[in-house]
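Okay, so here's the structure we're looking at.
Protein chains in written order, with UniProt numbering: chain A, 1 to 507; chain B, 1 to 149.
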């Protein structure tokens, strides 16, 4: 009951005019960047993240939530209209969305995708309301060993983000941890790995790394692929018919519920749930032969599952600090920038703030529905912006973004260098998400490890002697196994549909 | 050892070992400032350095899936890639000297020319427009402080 009250006060705060404006702006800008050719949701959030830093914390996070949903919707738009999935999780949407677009029913497909996303997003908010009190009760039981165990659990995500080689992913993760240690040591106060350079003493800034590895790298990849404007399919009607909605209702619910529960598992990528829900829909359908030819259920189910997993992903993200997908990993970075460390104490210490953000996510979803449907034609036009115009703008925005956080030219250099490195990592198939994730989690991992060791006089058994940390350690092993099995299954499905081996988190 | 047969992942392995050794050296440097034998800023450097060395050795000796041939772009594209990164670094150097508006104008003209191959007049116009829009949005509207030169 108390949670419901907190949610309602969150809605009261989120529904103020300035906050509504920020959500709307975030959703619009997120969609705008998400639909631009070659930019998936991850890159879109990475490019726009610095823009939010000029706002007060609550509005900044609200805008980020808007950008997140907008960018996700933008990814669906390119998947349906252009047959270009922004991420692997959008591949099932392409399978039926693009055939629908070619039949002139792209608007209906986009509409169903938006409605499905809204339904699934709403389900996830209900889930958060039910789950949050439990978390708040557990929060006070968390000490350094429990936090360390939680960080270990977060590492299970790496299996999902690993790409083709787990060893390379682990190496990248360790490299990310190492880089996060550069700067002043927390217990000695000594500069660490600063190569006798004062700029290094302040450590590396997350935003500049993200901009380099995602935004600049994306431009370099585009240069290589010689991207040109793509002609999209014509759109007749932008609104789904009543029959479309009726036909999609059950697939939306099925996809939403499946996606929600998958999203609760720390480390479950939306790609896993979209393929699972597409397969499920095909199995329960009376006309499975229509799938792949333009079945509206083939859009409704995976889109709902995608959004439900992404929304439910906020539960392990906010409650445990574990991001399930690359965009959520970037979002975690955004939360950290505002000094908001996700974890069990978040709901207890910043309850009002968190519930405002959750309410804004709900409003952001509704806003997408209201704003984006009438704008479908405009989004379709935007997909035709020539790369020769887009690339310089992205690069200039990247430089401003990297500079703006600390007003530091060192951060610009870091962004450019990591832009080049990101391209090399892409070429040699070294996954960058484990690197970013570990860079984000590094300081918390170090702090909890040192404190735990101090508490136990150097004995690592402390992690196995306390009930919560022991449970988390056992859960980590189970999740590792479960995530690995699901990943293998999804990879096989991707090969079936795409015809080649694709990294599930390719952005 | 035939250098042509060295795989990219093996080079990655060697680099991982080198970074691992650097991390362990840093742990040794920080050890005197410890709070206890395994309590202090040196701890994670030692652990991560050790892990990097182990992973590096594995990368050298165990062939990784998906580590096949790298599809390099043609020479012209590679040149464009290097020029793009070079121009961004030049932009970073010009910013404190010429200030944000002038350096942004120069670099945007250059980038439009490279990426779009547009005529120089169009590049000049697009560069001026981009600089003006970015100036209004970031400096005047959002109030960011950018180098004045």
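In this text, a Cβ means the ideal position worked out from N, Cα and C, and glycines have one as well.
**Prompt:** Buried or exposed: residue 286/A, going by 16 or more other Cβ atoms within 10 Å of its Cβ?
**Reply:** Walking along the first chain from the start, residue 286/A turns up at place 286. With fewer than 16 other Cβ atoms within 10 Å, it is exposed.
**Asked** From this set, 150/A, 81/A and 6/A, which residue's C-alpha is nearest residue 94/A's C-alpha?
**Response** For the purposes of this step, residue 94/A is taken as the residue at position 94 of the first chain. Ranking 150/A, 81/A and 6/A by Cα distance to residue 94/A puts 81/A first.
**Prompt:** Of the residues that make up the segment 452-480 of chain A, which ones have a beta carbon closer than 8 Å to any beta carbon in chain B?
**Reply:** 453, 454, 457 and 458
**Item:** C-beta contact flag for residue 12/B and residue 168/A at 9 Å
**Value:** In the second chain, counting from the first residue as 1, residue 12/B sits at position 12. In the first chain, counting from the first residue as 1, residue 168/A sits at position 168. Closer than 9 Å, so yes.
**Asked** Does residue 147/A have its Cβ less than 9 Å from a Cβ in chain B?
**Response** Within the first chain, the letter at position 147 stands for residue 147/A. No, residue 147/A does not count as interfacial toward chain B.
**Request:** Flag residue 99/B as yes if its beta-carbon sits less than 9 Å from any beta-carbon of chain A, otherwise no.
**Result:** Here residue 99/B refers to the residue found at position 99 when the second chain is read from its first residue. So, not an interface residue.
**Asked** Leaving out the 5 sequence neighbours to the left and right, which residues in its chain are closer than 7 Å to residue 215/A when beta-carbon positions are compared?
**Response** Within the first chain, residue 215/A is the residue found at index 215, counting from 1. So the list reads 43, 46, 47, 394 and 398, once near-sequence residues are dropped.
**Request:** Would you identify the three-state DSSP class for residue 133/B, choosing helix, strand or coil?
**Result:** What you label residue 133/B is simply residue 133 of the second chain in a count that begins at 1. The answer is helix: DSSP assigns residue 133/B an H, G or I state.
**Asked** With distances taken from CA atoms, which of 92/A, 176/A and 55/A is nearest residue 432/A?
**Response** As a working mapping, residue 432/A is identified with position 432 in the first chain. The shortest C-alpha separation from residue 432/A is found at 176/A.
**Asked** Does DSSP put residue 429/A in a helix, a strand or coil?
**Response** Here residue 429/A corresponds to residue number 429 of the first chain, with the count starting at 1. Correct three-state label for residue 429/A: coil.
**Asked** Do the segment 143-150 of chain A and the segment 408-427 of chain A meet, that is, are 3 or more Cβ pairs less than 8 Å apart?
**Response** no
**Message:** Which residue marks the beginning of the alpha helix (DSSP H) containing residue 168/A, and which one marks its end?
**Reply:** The count along the first chain starts at 1 and reaches residue 168/A at position 168. From DSSP, the alpha helix (DSSP H) with residue 168/A extends over 166-180.
**Request:** Buried or exposed for residue 196/A, please, with buried defined as at least 16 other CB atoms from any protein chain shown within 10 angstroms of its CB.
**Result:** Here the question's residue 196/A lines up with position 196 in the first chain. Residue 196/A should be labelled exposed.
**Prompt:** What separation, rounded to the nearest whole angstrom, lies between the Cα atoms of residue 26/B and residue 45/B?
**Reply:** Here the question's residue 26/B lines up with position 26 in the second chain. Here the question's residue 45/B lines up with position 45 in the second chain. Cα-Cα distance, rounded: 7 Å.
**Prompt:** Just by C-beta distance, which residues in the segment 63-84 of chain A are closer than 7 Å to chain B?
**Reply:** none
**Request:** Indicate the three-state DSSP secondary structure (helix, strand or coil) for residue 191/A in the structure shown.
**Result:** Numbered from 1 along the first chain, position 191 holds the residue referred to as residue 191/A. Of the three classes helix, strand and coil, the one that applies to residue 191/A here is strand, per DSSP.
**Asked** Between residue 141/B and residue 207/A, what straight-line distance do the alpha-carbon atoms span, to the nearest angstrom?
**Response** Numbered from its first residue, the second chain carries residue 141/B at position 141. Numbered from its first residue, the first chain carries residue 207/A at position 207. Between residue 141/B and residue 207/A, the C-alpha separation is close to 21 Å.
**Request:** Could you tell me which of 282/A, 209/A and 296/A sits nearest to residue 247/A, measuring between CA atoms?
**Result:** Translated into the one-based positions of the first chain, residue 247/A becomes position 247. Considering only alpha carbons, the answer is 296/A.
**Request:** Within 10 angstroms of the Cβ of residue 2/A, are there 16 or more other Cβ atoms? Answer buried if so, exposed if not.
**Result:** Taking the first chain and counting its residues from 1, one reaches residue 2/A at position 2. With fewer than 16 other Cβ atoms within 10 Å, it is exposed.
**Asked** Taking Cβ positions, are residue 104/B and residue 84/B nearer each other than 9 Å?
**Response** As a position in the second chain, residue 104/B is number 104, starting the count at 1. As a position in the second chain, residue 84/B is number 84, starting the count at 1. No, the Cβ-Cβ distance between residue 104/B and residue 84/B is not below 9 Å.
**Message:** Can you pull the chain A neighbours of residue 112/B, defined as C-beta to C-beta under 8 Å?
**Reply:** Within the second chain, numbered from 1, the residue matching residue 112/B stands at position 112. Those within 8 Å of residue 112/B in chain A are 388, 389 and 392.
**Asked** Name the DSSP bridge partner or partners of residue 184/A?
**Response** Numbered from its first residue, the first chain carries residue 184/A at position 184. 191/A.
**Request:** Compare the C-beta of residue 92/B against all C-beta atoms of chain A and say whether one is closer than 9 Å.
**Result:** The count along the second chain starts at 1 and reaches residue 92/B at position 92. At least one chain A Cβ lies under 9 Å of residue 92/B.
**Prompt:** For residue 396/A versus residue 111/B, is the C-beta spacing smaller than 9 Å?
**Reply:** Stepping through the first chain from its first residue, residue 396/A is reached at position 396. Stepping through the second chain from its first residue, residue 111/B is reached at position 111. Yes.
**Asked** Interface residues of chain B around residue 487/A at Cβ under 8 Å?
**Response** For the purposes of this step, residue 487/A is identified with residue 487 of the first chain, where counting begins at 1. The premise fails here: residue 487/A is roughly 13 Å from chain B at the closest Cβ pair, so nothing lies under 8 Å.
**Sequence-distant residues of the same chain with beta carbon closer than 7 Å to residue 151/A, five excluded per side** = Working through the first chain from its first residue, we reach residue 151/A at position 151. Hits under 7 Å: 441, 444, 445 and 448.
**Item:** Rounded separation between residue 111/A and residue 273/A - CA only
**Value:** Within the first chain, numbered from 1, the residue matching residue 111/A stands at position 111. Within the first chain, numbered from 1, the residue matching residue 273/A stands at position 273. Taking the straight line from one Cα to the other gives about 21 Å.
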